[in-house]
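Student:
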Amino acid sequence: MSKSRYPDNWNEIAREKKEAVNWVCHSCGMQCLKPSDDISKLTKSERMKKTLVVHHADYKPENNRPENLIPVCSGCHLSYHKGRKGNISLGQLSLFDNNNFS
Ligand SMILES: [Zn+2]
Ligand SMILES: [Zn+2]
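Numbering (our numbering), first residue to last: 11 to 112.
1. For His66, which option in Glu29, Ile49, Lys59, Leu88 has the closest C-alpha, if you only look at C-alpha atoms?
2. Do you know offhand how far Glu72's Cα is from Val64's?
3. When you measure from the CB of His36 to every non-hydrogen atom of ligand 2, does any distance come out below 7 Å?
4. What are the uninterrupted segments assigned as alpha helix (DSSP H) that are 4 or more residues long and contained completely in the segment 45–83, given in chain order?
5. Residues bridged to Val31 by DSSP?
6. With respect to 7 Å, is the separation between the Cβ of Tyr16 and the closest non-hydrogen atom of ligand 2 below this value?
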């Protein structure tokens, strides 16, 4: 499982990065959901769309240097990964997205 390539404190690292940019997508500038936001009125797809995830610029989850971490919304994140082979699958991506709200 590729999740094992992530460090134990990945959630903390990602959280810090997202807070540093105030939960705004680095790529399209969309304001994404913060943990404090009320998401009860949003549909699942709205939630997914406005979920900020932390992307690895070199596609290597082991490399968690600050300059390698890019906070993007899930739509932009998918487009980063589209067309790439042998890396993380889209199914796994959405798994990580869900983890943001677990
Ligand atoms: Zn975006
Ligand atoms: Zn990514």
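Ideal placement from N, C-alpha and C gives every residue a C-beta, glycine not left out.
Tutor: Here's the rundown:
1. Leu88
2. Distance between the alpha carbons of Glu72 and Val64: 13 Å.
3. It does not: the Cβ of His36 is nowhere closer than 7 Å to a heavy atom of ligand 2.
4. For secondary structure counted as the alpha helix (DSSP H) over 4 or more consecutive residues, the segment 45–83 holds these complete runs in sequence order: 54–59.
5. Assignment of beta-bridge partners to Val31 by DSSP yields no partner.
6. For Tyr16, the distance from the CB to the nearest heavy atom of ligand 2 is not below 7 Å.
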